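In the working numbering, the protein residues as written are 432 to 903.
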């Protein structure tokens, strides 16, 4: 073993150096592109046009589909918010997916539902629908009560009763900005290409002041676990997805909020039941479908607007279940679409985005783990080069801080920033501290998620929420 130690350490050093260089180099490029994109988008907002979009009869109508399972805490607040968006023609479809709590009762009480005749099942196969309800207070609200089948099944049930050519999938615990639909429909209307899907920024609502289904004051939570997630969301959405969108290489639009053209979704059979990462799976299958049809002149876009607010995990137990599920879902999708790897047929998605996500987001956590293990073993054996170790970890932490600070800066450039200077200062401090504990924690959770994937363990689990109405 001792004879192998120098060779093992050398190989590990080389792998880690290249891993660090490539990962941060790619993120630096996409971050620079993100700055350019955000700047142009802000100029576009200054010159307006949203009012015309929301009121023009030529603007396509949208069906908003809300899958809900055991969401009694905040379902009425969410639906009330959706019913008061600044958009001319849209419908809201709530799918009660076999809730065992008072979700349906809360909807009946809040919106005075009455039963309607159940029509044909529709194009997509789903679990049986028990009853369809309409609201006597809002003509554009429909509630579908069905047997439990999971989120994908609930979304498919909503698609079956939807009336419009575009649909928007929204989680039951979110709050949308009044102009959210305007923000995401704009690229569909104005692009010279066929835009089949659009996503926007998901912002953290924990700590914000919410009144009557609106975020009226942007306030940063005092929970350190939540603040670290704020930085993560800024980095992932504004640095990552904004940059990848420039290459038409997005592999995911958040399941919390996204707008899609309905016909291509129906053509691929809707959402795939049984998958954990239904949002990433859907977008990847869309890419596959369009390329298989020989249509490369399409786009899946991302807009750097904070269109959606959501409640993130406030405890380690809930965060653990969420991150393990995300990792398992990511690996499932990557494994099911391995034909994309370095395949020029898929353009930048196959040659750039898929390999990057596979190596760094999918299995790269084991390279990080290898670095920690070899470093600890070398320290115990006394064979590590102190200068190399210090230089490597200093570079790793510095690069991590730069990326996090870039995300924070981009977040403050977009609408609805944190208004107080002390909150900016706190985000900056947390962006530096993130590398000392929190990132290692998420790496451990990703390893556990990989274990779940390899041995087909785990499930959605229960995501306990306090409810946005209680956020102060």
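Just so you know, even glycine gets a beta-carbon here, dropped at the ideal spot from N, CA and C. These numbers come from a predicted model, not from an experiment.
Quick check on residue i: does DSSP put it in helix, strand or coil?
i           : result
residue 835 : helix
residue 534 : helix
residue 433 : Note that residue 433 scores 48 on pLDDT, short of 50, meaning its location in the model is unreliable and no value can be drawn from it.
residue 687 : coil
residue 868 : coil
residue 518 : coil
residue 445 : helix
residue 902 : Residue confidence for residue 902 is low, a pLDDT of 45 falling below 50, so the modelled location carries little weight; the figure read from the coordinates is stated next. The answer is coil: DSSP assigns residue 902 none of H, G, I, E or B.
residue 849 : coil
residue 576 : strand
residue 547 : strand
residue 569 : coil
residue 882 : helix
residue 726 : coil
residue 542 : helix
residue 792 : helix
residue 553 : coil
residue 774 : coil
residue 462 : helix
residue 473 : helix
residue 744 : coil
residue 844 : helix
residue 650 : coil
residue 679 : coil
residue 484 : helix
residue 502 : coil
residue 455 : helix
residue 450 : helix
residue 873 : helix
residue 393 : This structure cannot settle anything about residue 393, because the visible part of the chain is limited to 432 through 903.
residue 821 : helix
residue 888 : coil
residue 859 : helix
Which two residues bound the contiguous beta strand (DSSP E) that contains residue i?
i           : result
residue 561 : 560-566
residue 527 : 521-528
residue 494 : 493-499
residue 741 : 729-741
residue 628 : 625-635
residue 598 : 597-601
residue 606 : 605-607
Start and end of the alpha helix (DSSP H) containing residue i?
i           : result
residue 700 : Careful: residue 700 lies outside any alpha helix (DSSP H) and carries neither H nor E.
residue 618 : 611-621
residue 509 : 506-513
residue 662 : 655-665
residue 761 : 747-767
residue 714 : 709-723
residue 583 : 582-592
residue 676 : 673-676
Give me the DSSP bridge partner(s) of residue i.
i           : result
residue 642 : 645
residue 692 : 597
Since residue i and residue j should fall inside the 8 Å C-beta cutoff, what is the C-beta to C-beta distance between them, to a whole number of angstroms?
i           : j           : result
residue 518 : residue 612 : 4 Å
residue 579 : residue 555 : Contact flag wrong, Cβ pair sits at about 17 Å.
residue 628 : residue 731 : 4 Å
residue 515 : residue 708 : At roughly 31 Å, the Cβ-Cβ gap does not stay under 8 Å, so residue 515 and residue 708 are not in contact.
residue 595 : residue 494 : 4 Å
residue 880 : residue 767 : With a Cβ gap of about 16 Å, residue 880 and residue 767 do not count as contacting.
Any heavy atom of the ligand SAH closer than 8 Å to the CB of residue i?
i           : result
residue 784 : Among the components modelled here there is no ligand, and therefore nothing to report on the ligand SAH.
Touching by the beta-carbon criterion (3+ pairs, under 8 Å), the segment 736-744 and the segment 692-699: no
If contact is defined by three or more beta carbon pairs under 8 Å, each pair taking one atom from either stretch, is the segment 855-866 in contact with the segment 830-843? yes
Please determine if the segment 530-547 and the segment 562-574 are in contact, where contact requires at least 3 C-beta pairs separated by less than 8 Å. yes
I want to know whether the segment 483-498 touches the segment 449-457 - three or more CB-CB distances under 8 Å. no
Okay, do the segment 714-726 and the segment 664-671 touch, 3+ Cβ pairs below 8 Å being the bar? no
Measuring CB atoms only, is the segment 745-764 touching the segment 869-883, in the sense that at least three cross pairs come out at less than 8 Å? yes
With a threshold of 8 Å, are at least 3 pairs of Cβ atoms found where one atom belongs to the segment 654-661 and the other to the segment 631-646? yes
Given 8 Å as the limit, is there contact between the segment 698-705 and the segment 675-689, that is, 3 or more CB pairs closer than that? no
Sufficient close CB pairs (3 or more, under 8 Å) joining the segment 493-508 to the segment 771-785: no
Pairs of beta-carbons, one from the segment 464-478 and one from the segment 589-609, closer than 8 Å: are there three or more? no
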